[in-house]
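Trainee:
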Amino acid sequence: MDDFVPADLNRDLHLLDELLGDTRSRYHRRLTPFAASEQLIVIDREIRDARLQAPSPELQLEIRRLTARLRALDPH
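Mapping the sequence shown onto my numbering, position 39 (from 1) lands on 221, and the numbers just tick up by one.
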């Protein structure tokens with residue numbers, strides 16, 4: 183990925199954090215299916231692990247992949 187821009191990564195991380203917060207909130211209000219709980223836990227852990235990595239094009243791709251998985255888990 184030749185067009186890596188740290189500001190884009192920061193934006194992607196911010197969007198992922200918002201989406202994760204919204205999904206957690208929806209889950210606690212029982213608006214996200216209970217069957218999704220295990221997947222939500224796994225994705226949450228992967229997000230925390232990704233946040234420990236140094237900024238890079240690979241991290242940006244990982245953040246975008248995690249965002250897509252989280253959206254697919256709770257498409258609202």
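All C-beta atoms in this analysis are idealised placements derived from N, C-alpha and C, irrespective of residue type, glycine included.
Quick one: using the 10 Å Cβ neighbour count with 16 as the cut-off for buried, is Leu198 buried or exposed?
Mentor: For the purposes of this step, residue 198 is identified with residue 16 of the sequence shown, where counting begins at 1. With 16 or more Cβ atoms within 10 Å of its Cβ, Leu198 is classed as buried.
Trainee: To which residues of the same chain is Leu248 closer than 8 Å at the C-beta, ignoring the five residues directly before and after it?
Mentor: As a working note, residue 248 is residue 66 in the sequence shown. Once the five neighbours on either side are set aside, the close Cβ partners of Leu248 are Leu198, Ile225, Glu228, Ile229, Ala232.
Trainee: Should Ile223 go down as buried or exposed, given a rule of 16 or more other Cβ atoms within 10 Å for buried?
Mentor: Your numbering for residue 223 matches position 41 in the sequence shown. Ile223 should be labelled exposed.
Trainee: Alpha carbon to alpha carbon, what distance is there between Pro188 and Gln235?
Mentor: Sequence index remark: in the sequence shown, residue 235 carries index 53 (1-based). Sequence index remark: in the sequence shown, residue 188 carries index 6 (1-based). Roughly 13 Å separates the two Cα atoms.
Trainee: Does chain B have any CB closer than 8 Å to the CB of Leu198?
Mentor: The chain inventory of the structure shown lacks chain B, comprising one protein chain alone.
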